[in-house]
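>
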Ligand SMILES: Cc1cc2nc3c(=O)[nH]c(=O)nc-3n(C[C@H](O)[C@H](O)[C@H](O)COP(=O)(O)OP(=O)(O)OC[C@H]3O[C@@H](n4cnc5c(N)ncnc54)[C@H](O)[C@@H]3O)c2cc1C
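Encoded structure:
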């Protein structure tokens with residue numbers, strides 16, 4: 014009976030477009046869709062905006078990145094971000110690196126980095142991965158050295174980190190008519206036979222749509238279609254990210270580093286460096302480092318996290334990233350369980366269900382920005398208008414952008 018009444022009274026609403034997930038790329042696409050005059054809803058099971066780029070309050074520090082981040086070096090992507098944020102992106106100095114044994118490579122030089130993974134896989138007897146990395150290292154070697162493919166920019170990053178990007182996007186969302194629901198998961202999608210409508214089932218309601226947009230990391234099991242269910246093929250990657258508040262000094266300057274020969278951690282980034290709150294409240298000789306730990310290492314030590322944070326500190330010292338003698342003042346951990354669909358799978362879904370379902374290829378931020386930037390010109394116009402009329406009524410801004418678009 015309860016099930017029946019729940020079903021009967023479940024709220025039912027219709028939107029032109031529903032976006033599952035609120036990563037920066039999805040927000041930009043949602044804004045563009047909204048500026049085309051469509052009603053847009055964004056749903057995210059997390060309570061905060063940004064997907065893998067969300068930030069958190071840790072102790073007395075605000076807006077801390079809790080993932081290790083860099084943005085791939087495409088000038089076009091950087092130029093777009095600069096327009097969005099309203100100021101230039103500083104060049105990362107030093108540039109992101111990859112460390113393997115005693116060697117250190119530029120992060121953009123993929124062939125040595127991939128080759129290091131080949132050796133790692135041989136040592137771990139993972140022969141399938143060995144061949145895939147061997148193929149990739151030859152491919153990158155051909156591109157970088159023989160074909161002499163040049164990157165068109167050094168690595169850049171917002172001065173105040175990804176929080177600056179999220180803040181700019183939040184401002185645009187506030188000025189738009191987009192509705193956002195946090196803390197709700199979409200479990201299933203039903204697409205109607207004509208592929209022009211569908212319905213999303215969440216834990217609380219059914220939401221009808223004309224178009225549903227999903228990304229590489231949207232977590233969905235099945236898409237239902239009359240007489241046919243499509244199970245989505247994805248790999249789920251789990252990482253623990255730990256932010257360590259350390260009293261100590263760096264042994265060498267770094268912003269972002271990948272480490273290929275350590276079983277305790279694989280990436281580390283200095284998240285305090287670009288955080289205004291840490292710069293204000295952090296004391297001299299204190300660091301805030303975000304460390305990525307391979308799946309489940311942290312949770313295996315559930316009752317001994319303090320000991321593990323000390324092990325991490327020792328490993329950071331061993332890899333000559335920190336000077337010996339530091340100590341951990343505090344730590345915060347965060348688990349990412351990210352399902353990942355490759356571009357072929359997204360193409361397959363779109364081919365099957367377009368126009369009811371549209372996909373965004375978001376494997377990495379830099380590539381996605383460079384790929385879609387041309388489609389988001391109205392979003393930049395909106396950002397520009399907001400900067401010019403910071404104190405104007407929100408709906409006015411949207412109306413003005415719409416008028417400008419029609420000219
Ligand atoms: C820890 C981590 C670090 C990364 N670091 C980098 C980096 O440095 N540089 C880079 O370019 N890329 C990085 N990436 C890749 C990152 O995935 C992309 O940059 C980009 O954020 C992908 O966007 P997305 O929307 O596909 O997924 P995400 O950013 O993961 O966002 C997906 C969001 O959708 C929500 N969601 C998913 N399924 C559902 C559902 N069924 N119902 C409701 N909500 C749902 C999730 O809660 C999440 O908030 C990183 C990824 C992770 C996980």
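In the working numbering, the protein residues as written are 14 to 420. Note that beta-carbon positions come from the ideal geometry of N, C-alpha and C, so glycine has one too.
Out of 167, 47 and 200, which has the shortest C-alpha to C-alpha gap to residue 379?
167
> Which whole runs of the beta strand (DSSP E) in the region 176-236 are 3 residues long or more, in chain order?
192-195, 199-204, 211-215 and 219-228
> Which residue's Cα is closest to the Cα of residue 334: 282, 38 and 210?
282
> May I have a chain-ordered list of the beta strand (DSSP E) segments no shorter than 3 residues that lie completely inside the region 31-100?
Listed in chain order, the complete beta strand (DSSP E) runs (minimum 3 residues) inside the region 31-100 are 53-57, 68-71 and 74-78.
> Measuring straight from C-alpha to C-alpha, what distance separates residue 386 and residue 208?
28 angstroms
> Please return the same chain residues whose Cβ sits closer than 6 angstroms to the Cβ of residue 164, not counting the five positions on each side in sequence.
86 and 121
> What does the Cβ neighbour count give for residue 232, buried or exposed, with the cut at 16 atoms within 10 Å?
It counts as buried.
> Is residue 109 helix, strand or coil when you go by DSSP?
Residue 109: coil per DSSP, three-state reduction.
> Per the DSSP calculation, residue 114 is bridged to which residue(s)?
Paired residues: none, contrary to the question.
> So which of 100, 246 and 219 has the shortest CA-CA distance to residue 457?
Only positions 14 to 420 of the chain appear in the structure, and residue 457 is not among them; the question remains open.
> Which residue from 38, 31 and 192 puts its Cα closest to that of residue 384?
The closest CA to that of residue 384, considering only 38, 31 and 192, is found on 38.
> Over what stretch of residues does the alpha helix (DSSP H) that includes residue 246 continue unbroken?
Residue 246 -> no alpha helix (DSSP H), and no H or E assigned at all.
> Straight-line CA distance for residue 50 to residue 373?
20 angstroms
> Kindly confirm or deny that the region 234-248 and the region 284-294 touch, where touching means at least three C-beta pairs closer than 8 angstroms.
No: the two stretches stay apart, fewer than three of their Cβ pairs being nearer than 8 angstroms.
> Is there at least one non-hydrogen atom of ligand 1 closer than 7 angstroms to the beta-carbon of residue 65?
yes
> Give the DSSP bridge partners of residue 242, in chain order.
237
> Would DSSP call residue 420 helix, strand or coil?
Because residue 420 carries a pLDDT of 41, less than 50, the predicted location of this residue cannot be relied on, and the following value inherits that uncertainty. In this structure, residue 420 counts as coil in the three-state DSSP scheme.
> Given this structure, state the Cα-to-Cα distance separating residue 345 from residue 71, to the nearest angstrom.
7 angstroms
> Residue 133 to residue 214, Cα distance in whole Å?
43 angstroms
> If distances are taken between C-alpha atoms only, which option among 206, 298, 169 and 304 comes closest to residue 95?
Nearest option by C-alpha distance: 169.
> Mind checking whether residue 229 and residue 375 have CB atoms under 8 angstroms apart?
yes
> Going by the CB atoms, is the gap between residue 196 and residue 60 shorter than 8 angstroms?
yes
> Hey, residue 342 and residue 77 are a contact pair by Cβ (cut 8 angstroms); roughly how many whole angstroms apart?
Residue 77 and residue 342 do not touch by the CB rule: their CB atoms are close to 14 angstroms apart, not below 8 angstroms.
> Please work out which residues of its chain come closer than 6 angstroms, Cβ to Cβ, to residue 258, disregarding the five sequence neighbours upstream and downstream, and give them in chain order.
In chain order, 301, 342 and 343 place their CB closer than 6 angstroms to the CB of residue 258, counting only its own chain and leaving out the 5 sequence neighbours on each side.
> On a Cα-Cα basis, can you pick out the residue from 63, 101 and 105 that is closest to residue 183?
63
> Secondary structure at residue 14, three-state DSSP: helix, strand or coil?
With a pLDDT of 43 at residue 14, under the threshold of 50, the modelled position of this residue cannot be trusted, and the question is left open.
> Would the beta-carbon of residue 222 fall within 8 angstroms of that of residue 28?
The answer is yes: Cβ separation under 8 angstroms.
> Would you report the Cα separation of residue 106 and residue 266, rounded to the nearest angstrom?
8 angstroms
> May I have the straight-line CA-CA distance separating residue 18 from residue 219, to the nearest angstrom?
Residue confidence for residue 18 is low, a pLDDT of 46 falling below 50, so the modelled location carries little weight and cannot support an answer.
> With 16 as the cutoff for other CB atoms within 10 Å, does residue 357 come out buried or exposed?
exposed
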